[in-house]
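Chain order of the listed sequences is A and B. In our numbering, each number is its position in the first sequence, counted from 1, plus 557. Just so it is clear: in the second sequence, position 65 is 47 by our numbering, and no numbers are missing. All remarks here apply to the structure that follows.
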Amino acid sequence: GEDVEQSLFLSVREGDSSVINCTYTDSSSTYLYWYKQEPGAGLQLLTYIFSNMDMKQDQRLTVLLNKKDKHLSLRIADTQTGDSAIYFCAERTSGTYKYIFGTGTRLKVLA
Amino acid sequence: EAQVTQNPRYLITVTGKKLTVTCSQNMNHEYMSWYRQDPGLGLRQIYYSMNVEVTDKGDVPEGYKVSRKEKRNFPLILESPSPNQTSLYFCASSLSRTSAETQYFGPGTRLLVL
């Protein structure tokens, strides 16, 4: 069945790059999303990529997609303390409303 | 301001006492959904609705009911809450399934069932 997996924790020093990884199983035409959840708040969309793309860059965020291995990563350059949050990877098959979320990766940025 | 609102934000109740969590969106979105978030499990979909009077089960529907009588509202009903329904609940809405348009999430409702 469909599944999205992420590691649970990541700790980095302020100013370093963070890389959050995700693997997914759906092989159909798929949208892949990264959401950020700050304490006490809902999920906020950071970026997304379609499964026919390899890479997407948006300011400090870079998304890389390895379609062969069904591996998705989110790189945050120059990580700041304000980036401390839980990051969720999610997939959605094009033409459907069904989202599959990963468990979330808690990023802790050390000053 | 485009938004998804949920009420209440926090709720403590006792086993068996019926409760309703409301969800409303002002973006004229067709699709609405309820999720629960539990530590180590991520978000799991409870129910979703593709339009007025059209609802379907998600991955964890047991113990929950929903209704979609109007496009903007999608309440979540717990007829007889149990402690294993203690969780953080999110409502979300989306315009279209044919584009990259993603879901917009409400702020969450934290429920404790004693």
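We put the beta carbon where it would ideally sit given N, CA and C, even for glycine.
Inter-residue CB distance, residue 581/A and residue 649/A (contact presumed, cutoff 8 Å): The count along the first sequence starts at 1 and reaches residue 581/A at position 24. The count along the first sequence starts at 1 and reaches residue 649/A at position 92. In fact, because the Cβ distance is near 10 Å, the residues do not count as touching under 8 Å.
CB contact check: residue 561/A to chain B, cutoff 9 Å: Walking along the first sequence from the start, residue 561/A turns up at place 4. Interface with chain B (9 Å Cβ-Cβ cutoff): residue 561/A is included.
Close-in-space but distant-in-sequence residues of the same chain around residue 27/B (CB under 8 Å, 5 per side omitted): Within the second sequence, numbered from 1, the residue matching residue 27/B stands at position 45. Only 15, 16, 17, 40, 41, 42 meet the Cβ criterion.
Opposing strand residues paired with residue 46/B [DSSP bridges]: What you label residue 46/B is simply residue 64 of the second sequence in a count that begins at 1. In DSSP, residue 46/B forms no bridge with anything.
Rounded distance between the beta-carbons of residue -6/B and residue 60/B, thought under 8 Å: By one-based count along the second sequence, residue 60/B stands at place 78. By one-based count along the second sequence, residue -6/B stands at place 12. About 13 Å separates the two Cβ atoms, so there is no contact after all.
Partner residues on chain B for residue 581/A, Cβ-Cβ distance less than 8 Å: The residue you call residue 581/A lines up with position 24 of the first sequence. The premise fails here: residue 581/A is roughly 13 Å from chain B at the closest Cβ pair, so nothing lies under 8 Å.
Alpha-carbon to alpha-carbon, residue 592/A and residue 660/A: As a first step, residue 660/A is located in the first sequence; it is residue number 103 there, counting from the start. As a first step, residue 592/A is located in the first sequence; it is residue number 35 there, counting from the start. Those two C-alpha atoms are separated by around 12 Å.
Cβ shell of residue 54/B (< 7 Å), same chain only, five flanking positions each side left out: Numbered from 1 along the second sequence, position 72 holds the residue referred to as residue 54/B. Cβ neighbours of residue 54/B beyond the five flanking positions: 6, 7, 8.
Per-residue burial, residue 574/A [other beta carbons within 10 Å of its own, 16 or more giving buried]: The residue labelled residue 574/A in the question sits at position 17 within the first sequence. Label assigned to residue 574/A: exposed.
Residue from -15/B, -9/B, 1/B whose Cα sits closest to the Cα of residue 63/B: Locating residue 63/B in the second sequence gives position 81, counting from the first residue. Answer by Cα proximity: 1/B.
For residue 7/B, the first and last residue of its enclosing beta strand (DSSP E): Locating residue 7/B in the second sequence gives position 25, counting from the first residue. Run containing residue 7/B: 1 to 7, per the beta strand (DSSP E) assignment.
Closer than 9 Å to chain A by CB, residue 32/B: The residue you call residue 32/B lines up with position 50 of the second sequence. With 9 Å as the cut-off, residue 32/B counts as an interface residue toward chain A.
Check whether residue 603/A and residue 664/A have beta carbons under 9 Å apart: By 1-based counting over the first sequence, the position of residue 603/A is 46. By 1-based counting over the first sequence, the position of residue 664/A is 107. Their beta carbons are not under 9 Å apart, which means residue 603/A does not touch residue 664/A by this criterion.
Any C-beta of chain B under 9 Å from that of residue 599/A: In the first sequence, residue 599/A corresponds to position 42, counting from 1. Closer than 9 Å to some Cβ of chain B, the Cβ of residue 599/A qualifies, so yes.
Residues bridged to residue 585/A [DSSP beta-bridge criterion]: On the first sequence, position 28 is the one that residue 585/A refers to. DSSP, once it has assigned bridges, lists no residue as partnering residue 585/A.
Pairwise C-alpha distance: residue 626/A and residue 598/A: Locating residue 598/A in the first sequence gives position 41, counting from the first residue. Locating residue 626/A in the first sequence gives position 69, counting from the first residue. Roughly 32 Å separates the two Cα atoms.
7 Å Cβ shell around residue 613/A - same chain, five flanking residues per side excluded: The residue you call residue 613/A lines up with position 56 of the first sequence. Excluding positions up to five away in sequence, the list reads 604, 606, 620.
Chain B residues whose Cβ lies nearer than 7 Å to that of residue 603/A: Position 46 of the first sequence, counted from the first residue, corresponds to residue 603/A. Here the premise fails: no neighbours, minimum Cβ distance about 10 Å.
Range covered by the beta strand (DSSP E) that runs through residue 24/B: Residue numbering aside, residue 24/B sits at position 42 when the second sequence is read from its first letter. Segment 24 to 33, the beta strand (DSSP E) holding residue 24/B.
Whole-angstrom distance between residue 46/B and residue 89/B, CA atom to CA atom: To locate residue 89/B, count along the second sequence from 1; it is residue 107. To locate residue 46/B, count along the second sequence from 1; it is residue 64. C-alpha separation (whole angstroms): 20 Å.
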